[in-house]
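Colleague: If you count the sequence shown from 1, position 1 lands on 1 in the UniProt record's numbering, and the numbers rise without skipping.
By construction, the Cβ of each residue, glycine as well, lies at the ideal position given by its N, Cα and C atoms.
These numbers come from a predicted model, not from an experiment.
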Amino acid sequence: MRLALLGCGTVGAEVVRLLHEQSADLAARIGAPLEIAGIAVRRIGRDRGELPVDPALFTTDALGLIKRDDVDVVVEVVGGIEPARSWLVEALRAGKSVVTANKALLAEDGGALHDAAVEGGGDLYYEASVAGAIPLLRPLRESLHGDRITQVTGIVNGTTNFILSAMHATGAGFAEALEEATALGYAEADPTADVEGFDAAAKAAILASLAFHTRVGAADVHREGITEVTAADVASAKAMGCTIKLLCIAARSTDAQGQESVNVRVHPALIPLTHPLASVGDAFNAVFVEADAAGQLMFYGRGAGGAPTASAVLGDVVAVSRNRLAGVRSASESSYAALPVRPMGEALTRYHISLDVADRPGVLEAVAGVFARHEVSLATVRQGPAGGGNGDAVLVIVTHVAPDAALAATVDELRGLEIVRSVTSVLRVEGGF
Ligand code: NDP
Ligand code: HSE
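1) With DSSP as the reference, please indicate the residues paired to Met298 in a beta bridge.
2) When you compare each of Thr410, Arg29 and Ala56 to Val367 by their alpha carbons, which one comes out closest?
3) Specify which residues have a beta carbon nearer than 6 Å to any heavy atom of the ligand HSE, listing them in chain order.
4) Hey, is the segment 32-43 in contact with the segment 2-16, meaning 3+ C-beta pairs nearer than 8 Å?
5) Mind checking Arg148: buried by the 16 CB within 10 Å criterion, or exposed?
6) Determine, using beta-carbon pairs with one atom in the segment 180-189 and one in the segment 155-170, whether at least three such pairs fall under 8 Å.
7) Could you give the DSSP three-state label for Gly146: helix, strand or coil?
8) Tell me whether Ile397 is buried or exposed, calling it buried when 16 or more other Cβ atoms sit within 10 Å of its Cβ.
9) By DSSP, does His275 sit in helix, in strand, or in coil?
10) Is Gly301 near the ligand NDP, going by C-beta to nearest heavy atom under 8 Å?
11) Beta-carbon separation of Val320 and Val262 under 9 Å?
12) Over what stretch of residues does the alpha helix (DSSP H) that includes Asp109 continue unbroken?
13) For Gly391, does the count of other Cβ atoms within 10 angstroms reach 16, so buried, or fall short, so exposed?
14) Where DSSP assigns a beta bridge to Asn263, which residues make up the other side?
15) Is the segment 132-151 in contact with the segment 346-364, if contact means three or more CB pairs nearer than 8 Å?
16) What does Gly384 pair with, by DSSP beta-bridge criteria?
17) Which of helix, strand or coil does DSSP assign to residue 491?
18) Per DSSP, Lys245 forms a beta bridge with which residues?
19) Just how far apart, CA to CA, sit Phe212 and Ile81?
20) Please confirm whether any heavy atom of the ligand NDP lies closer than 8 Å to the CB of Lys67.
21) Using CA atoms only, rank isn't needed, just tell me which of Ala405, Gly111, Val234 and Gly79 is closest to Leu92.
22) How about Lys245 and Ile206: are their beta carbons less than 9 Å apart?
23) Let me know if His145 comes out buried or exposed under the rule of 16 or more other beta-carbons within 10 Å of its beta-carbon.
24) Could you say if the segment 94-110 and the segment 303-319 meet the contact criterion of at least three C-beta pairs nearer than 8 Å?
25) Decide if the segment 118-138 is in contact with the segment 339-349; the criterion is three or more beta carbon pairs, one per stretch, under 8 Å apart.
26) Sort out for me which residues DSSP pairs Tyr125 with in a bridge.
27) Check this for me: beta carbons of Ala84 and Leu105, under 9 Å apart or not?
28) Put Thr59 into one of helix, strand or coil per three-state DSSP.
29) Using the three-state DSSP reduction, which class does Arg421 fall into: helix, strand or coil?
30) Just how far apart, CA to CA, sit Ala202 and Phe284?
31) Write down the C-beta distance between Glu76 and Leu88 rounded to the nearest angstrom, noting that I regard them as a contact closer than 8 Å.
32) Using the Cα positions of Asp199 and Glu142, report the straight-line distance between them to the nearest angstrom.
33) Taking the Cβ atom as the reference point for each residue, do Leu164 and Ile66 lie within a distance shorter than 9 Å?
34) Are Leu136 and Val357 touching if we call contact CB-CB under 9 Å?
35) Within the present structure, is the beta-carbon of Ala62 separated from the nearest heavy atom of the ligand NDP by less than 8 Å?
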């Protein structure tokens with residue numbers, strides 16, 4: 001088996017190292033030796049430390065490498081949409097098998113890759129694109145194919161989980177926790193993709209597509225990041241026996257007419273400390289899958305880093321190589337269900353709302369009236385003195401489940417009330433609190 005490696009950065013360098021260290025075992029598992037035909041990079045002269053590979057294999061001509069007749073498998077660990085998309089479509093159409101970790105590309109235009117794989121007859125595997133080392137996509141696309149998945153709830157971004165875990169443990173604010181994540185090498189120099197939820201949204205799209213046999217793209221995912229989460233929000237969550245996590249949620253539902261649809265979203269949410277995802281700390285990932293027959297399943301492990309991600313890449317390389325030797329390919333993309341994607345406003349959610357209000361008779365009635373007008377039912381209401389010593393009060397309200405649009409409209413109307421000094425926090429609540 002001859003392999004073209006596109007990219008030799010954090011993940012690619014570990015792929016090279018593991019291919020070298022485990023070459024005998026990999027050959028035995030595949031039934032043929034695995035050889036690197038070439039490695040495409042941006043800068044040939046970059047210092048790559050002590051990589052166990054012939055320097056003559058490096059090239060800047062990725063397309064030329066892909067097109068070589070002696071290349072069977074193309075491994076893409078470059079990232080981004082272009083030129084990765086053109087390279088992989090070219091490789092797949094030419095009948096090569098492709099292994100990629102590129103969640104951004106899969107969420108943006110996975111359909112084009114799947115179509116090219118069908119056209120060329122090769123495999124397209126992407127286990128490393130979601131939750132790094134955790135075997136998750138294979139269970140969704142194979143093991144659970146006899147079942148009906150109803151919901152996937154996950155912590156799929158290590159950087160934001162590190163930040164939120166630090167805020168919970170130390171009481172730090174967002175900026176301080178981000179600084180720590182950067183110093184420890186978890187957050188990148190530009191952390192936008194992580195803290196604004198783009199990375200998790202791409203992963204949510206991939207998970208939803210597999211779970212619901214429906215093409216879901218990044219644009220279908222409602223996305224909110226964690227930059228607005230404050231130390232006060234985390235303290236309030238703690239006081240209620242909860243913690244705050246950036247969750248990716250892909251849920252199936254059926255309306256009164258029997259029409260099924262899916263809703264896919266990424267946002268910070270309060271979850272009870274007793275929920276299995278609450279104990280996922282540091283930069284770990286975990287994904288909770290609920291299916292009709294299997295019940296609840298939990299997948300946990302390292303979602304990022306060179307070696308953990310390379311482990312998933314190599315698992316895919318073994319699988320596609322075996323297929324090629326046997327002259328078979330795995331089943332094509334399963335998107336037959338083509339379920340409609342419901343907008344966020346129609347998703348059923350619960351809100352936790354903190355308000356600074358005037359402390360005088362009739363305030364509770366006025367506030368409750370706003371909820372009632374939008375047909376939002378209250379689960380709990382707590383009142384305490386406001387911190388400023390100005391005679392105001394703090395109201396912390398948790399709602400029952402309601403359409404997200406009704407909850408958002410409720411908050412908008414509360415902001416306009418004279419007796420509401422400010423709406424200090426609005427967070428969604430998940431996980432059966
Ligand atoms: P890096 O930035 O560390 O490495 C990118 C590599 O791609 C480098 O070797 C770079 O070359 C090469 N490259 C960039 N542009 C080009 C180009 N135009 N032509 C040829 N080569 C190019 O990225 P990572 O290893 O961190 O990530 C790779 C992929 O894996 C991404 O899709 C990412 O989302 C995904 N992933 C990463 C994880 C992680 O923990 N890092 C976890 C899960 C998935 P050069 O070395 O010369 O700069
Ligand atoms: N930036 C991502 C994270 C890397 O923090 O989880 C893994 O996809």
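Modeller: Let me lay it out:
1) Your numbering for residue 298 matches position 298 in the sequence shown. Beta bridge pairing from DSSP links Met298 with Phe288.
2) In the sequence shown, counting from the first residue as 1, residue 367 sits at position 367. When only C-alpha atoms are compared, the closest one is Thr410.
3) Any residue whose Cβ sits closer than 6 Å to a heavy atom of the ligand HSE makes the list: Gly132, Asn157, Gly158, Thr159, Asp194, Asp199, Gly303 and Ala304.
4) Yes: the two stretches touch, three or more of their Cβ pairs being nearer than 8 Å.
5) Translated into the one-based positions of the sequence shown, residue 148 becomes position 148. Burial state of Arg148 is exposed, judged by a 10 Å Cβ sphere holding fewer than 16 other Cβ atoms.
6) Contact holds: three or more Cβ-Cβ distances are below 8 Å.
7) Along the sequence shown, one-based indexing puts residue 146 at 146. Residue state, collapsed to three classes: helix.
8) Start at 1 with the first residue of the sequence shown, and residue 397 comes out as number 397. Counting other Cβ atoms within 10 Å of its Cβ, Ile397 reaches 16 or more and is therefore classed as buried.
9) For this step, residue 275 is matched to residue 275 along the sequence shown. In this structure, His275 counts as coil in the three-state DSSP scheme.
10) As a first step, residue 301 is located in the sequence shown; it is residue number 301 there, counting from the start. The answer is no for Gly301.
11) For this step, residue 320 is matched to residue 320 along the sequence shown. For this step, residue 262 is matched to residue 262 along the sequence shown. It is not a contact, given that the beta carbons lie outside the stated cut-off.
12) The sequence position of residue 109 within the sequence shown is 109, counting from 1. Lys103 to Gly120 is the span of the alpha helix (DSSP H), which, as asked, contains Asp109.
13) As a working note, residue 391 is residue 391 in the sequence shown. The residue in question, Gly391, is exposed, as its Cβ has fewer than 16 Cβ neighbours within 10 Å.
14) In the sequence shown, residue 263 corresponds to position 263, counting from 1. BP columns for Asn263 point to Ala251.
15) Judged by Cβ distances under 8 Å, the segment 132-151 makes no contact with the segment 346-364, as fewer than three pairs qualify.
16) For this step, residue 384 is matched to residue 384 along the sequence shown. Its beta-bridge partners are Val394.
17) In the structure displayed, the chain extends from 1 to 433; residue 491 sits before or after that span and is not available.
18) Residue 245 sits at position 245 when you count from the first residue of the sequence shown. The bridge partners DSSP lists for Lys245 are Ala269.
19) Along the sequence shown, read from residue 1 onward, the residue named residue 212 stands at position 212. Along the sequence shown, read from residue 1 onward, the residue named residue 81 stands at position 81. Computed Cα separation, rounded: 24 Å.
20) Counting from 1 along the sequence shown, the entry for residue 67 is found at position 67. No - the ligand NDP has no heavy atom lying nearer than 8 Å to the Cβ of Lys67.
21) Sequence index remark: in the sequence shown, residue 92 carries index 92 (1-based). Residue Gly111 is the option with its Cα nearest to Leu92.
22) Within the sequence shown, numbered from 1, the residue matching residue 245 stands at position 245. Within the sequence shown, numbered from 1, the residue matching residue 206 stands at position 206. No. Outside cutoff.
23) Your numbering for residue 145 matches position 145 in the sequence shown. The residue in question, His145, is exposed, as its Cβ has fewer than 16 Cβ neighbours within 10 Å.
24) With three or more CB-CB distances shorter than 8 Å, the segment 94-110 counts as touching the segment 303-319.
25) Contact between the segment 118-138 and the segment 339-349 is absent, because fewer than three Cβ pairs lie under 8 Å.
26) Residue mapping note: residue 125 aligns to position 125 of the sequence shown, counting from 1. Partner(s): Val99.
27) For the purposes of this step, residue 84 is identified with residue 84 of the sequence shown, where counting begins at 1. For the purposes of this step, residue 105 is identified with residue 105 of the sequence shown, where counting begins at 1. Yes, these two residues count as a Cβ contact at 9 Å.
28) For this step, residue 59 is matched to residue 59 along the sequence shown. The answer is strand: DSSP assigns Thr59 an E or B state.
29) Counting from 1 along the sequence shown, the entry for residue 421 is found at position 421. Looking at Arg421 - three-state DSSP - the assignment turns out to be strand.
30) Taking the first residue of the sequence shown as 1, we reach residue 202 at position 202. Taking the first residue of the sequence shown as 1, we reach residue 284 at position 284. So the alpha carbons of these two residues sit roughly 18 Å apart.
31) Here the question's residue 76 lines up with position 76 in the sequence shown. Here the question's residue 88 lines up with position 88 in the sequence shown. At roughly 6 Å, the Cβ-Cβ gap stays under 8 Å, so Glu76 and Leu88 are in contact.
32) Here the question's residue 199 lines up with position 199 in the sequence shown. Here the question's residue 142 lines up with position 142 in the sequence shown. In this structure, the alpha-carbon of Asp199 lies about 24 Å from that of Glu142.
33) Locating residue 164 in the sequence shown gives position 164, counting from the first residue. Locating residue 66 in the sequence shown gives position 66, counting from the first residue. In this structure, Leu164 sits away from Ile66, with a CB-CB distance that is not shorter than 9 Å.
34) The residue labelled residue 136 in the question sits at position 136 within the sequence shown. The residue labelled residue 357 in the question sits at position 357 within the sequence shown. Judged by beta-carbon spacing, Val357 lies beyond the 9 Å limit of Leu136, meaning their Cβ atoms are not closer than that value.
35) Counting from one through the sequence shown, the residue named residue 62 turns up at place 62. Checking the Cβ of Ala62 against the ligand NDP gives yes.
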